[in-house]
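A.B. asks: My structure is below; once you've seen it, I'll send some questions.
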Amino acid sequence: MIDSEEFVLLVDDDDQAVGTAGKLEAHRHGLRHRALSVVIRDPRGRLLLQKRAIGKYHSGGLWTNTCCSHPRPQEPVERAAQRRLLEEMGFSCELLPLLRVPYRADVGGGMIEDEIVHVFAGVYDGPLRPDPREAEGYAWVEPGELREEMQRMPARFSVWFRKYIIDHWTTLTGDPVWAQLRGEAEASRGPDTPA
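Quick note, my numbering runs 340 ahead of the 1-based positions in the sequence shown.
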């Protein structure tokens, strides 16, 4: 479900703000806008996937990365990533910027995504409370298994998540930011906290 009063920040090819538009308008007309994605792994390296709620305005019922959304027009994208992770999946953790991905794709239902996506990484190993209006399910998946499943049945996954896996596999699975996050997550647990 989408709030008709929700707005997105329109950007140019360099991710510089050029205006705002209603969220549905931006997607119906394929207007380039800023977006965010969060990719969460657990300390074992498994990726947390979200199954988008079937009632979403596009890509409902598809598997995707942990959280996907848009910052509000005046909201820093880092703050928006934290806000949406809590709202969609019911938890928060430290997030670090991982990469920036421009893409344009028809996502069905008369909607076109034309986004510059700020992708954030986090490590988390605790309880989840997904909002059923956002996510109808979730799964922790080994990266290799995910890649194999995506090759066998690509239509089960969101267009943008397929792009991340195909074009940015090494960053998603081996970037040094993961080691930094894992180290900080382990340090925050303390010596007497079970892993």
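A virtual CB, placed ideally from N, CA and C, is assigned to each residue, including glycine. Keep in mind the model is a prediction, meaning the values are calculated, not measured.
If distances are taken between C-alpha atoms only, which option among 486, 490, 458, 501 comes closest to residue 440?
C.D. replies: Here residue 440 refers to the residue found at position 100 when the sequence shown is read from its first residue. Of the listed residues, the one whose Cα sits closest to residue 440 is 458.
A.B. asks: Kindly list the residues whose CB is nearer than 6 Å to the CB of residue 446, restricted to its own chain and excluding five residues on each side of it in sequence; keep chain order.
C.D. replies: Here the question's residue 446 lines up with position 106 in the sequence shown. So the qualifying residues of the chain are 452.
A.B. asks: With distance defined between alpha-carbon atoms, name the residue in 388, 498, 443, 349 nearest to residue 415.
C.D. replies: On the sequence shown, residue 415 is found 75 positions in, with the first residue counted as 1. Comparing Cα-Cα distances from residue 415 to each of 388, 498, 443, 349, the minimum goes to 349.
A.B. asks: Taking Cβ to Cβ, would you say residue 460 is nearer than 8 Å to residue 486?
C.D. replies: Along the sequence shown, read from residue 1 onward, the residue named residue 460 stands at position 120. Along the sequence shown, read from residue 1 onward, the residue named residue 486 stands at position 146. Result no, Cβ atoms of residue 460 and residue 486 do not sit closer than 8 Å.
A.B. asks: Extract the residue ranges of the beta strand (DSSP E) inside the segment 435–503, only unbroken runs of 3 or more that lie entirely within it.
C.D. replies: Uninterrupted beta strand (DSSP E) stretches at least 3 residues long and entirely within the segment 435–503 occur at 436–448, 451–463, 475–481, given in chain order.
A.B. asks: What are the boundary residues of the alpha helix (DSSP H) that residue 422 is part of?
C.D. replies: As a position in the sequence shown, residue 422 is number 82, starting the count at 1. Run containing residue 422: 417–429, per the alpha helix (DSSP H) assignment.
A.B. asks: Pull up the DSSP beta-bridge partners for residue 379, would you.
C.D. replies: Here residue 379 is taken as the residue at index 39 of the sequence shown, counted from 1. Answer is 461.
A.B. asks: Taking a contact to mean a Cβ-Cβ separation below 8 Å, would you say residue 379 touches residue 387 in this structure?
C.D. replies: Taking the first residue of the sequence shown as position 1, residue 379 is located at position 39. Taking the first residue of the sequence shown as position 1, residue 387 is located at position 47. Yes, the Cβ-Cβ distance between residue 379 and residue 387 is below 8 Å.
A.B. asks: Below 8 Å on the Cβ atoms is my contact criterion, and I expect residue 478 with residue 389 to pass it. Report the Cβ-Cβ distance as a whole number of Å.
C.D. replies: What you label residue 478 is simply residue 138 of the sequence shown in a count that begins at 1. What you label residue 389 is simply residue 49 of the sequence shown in a count that begins at 1. Yes, they are in contact, since the Cβ atoms of residue 478 and residue 389 sit about 6 Å apart, within 8 Å.
A.B. asks: Please state the DSSP three-state secondary structure of residue 510.
C.D. replies: Position 170 of the sequence shown holds residue 510. Of the three classes helix, strand and coil, the one that applies to residue 510 here is helix, per DSSP.
A.B. asks: So residue 404 and residue 498 are in contact, right, with Cβ under 8 Å, and what is the actual spacing, rounded?
C.D. replies: On the sequence shown, position 64 is the one that residue 404 refers to. On the sequence shown, position 158 is the one that residue 498 refers to. With a Cβ gap of about 4 Å, residue 404 and residue 498 count as contacting.
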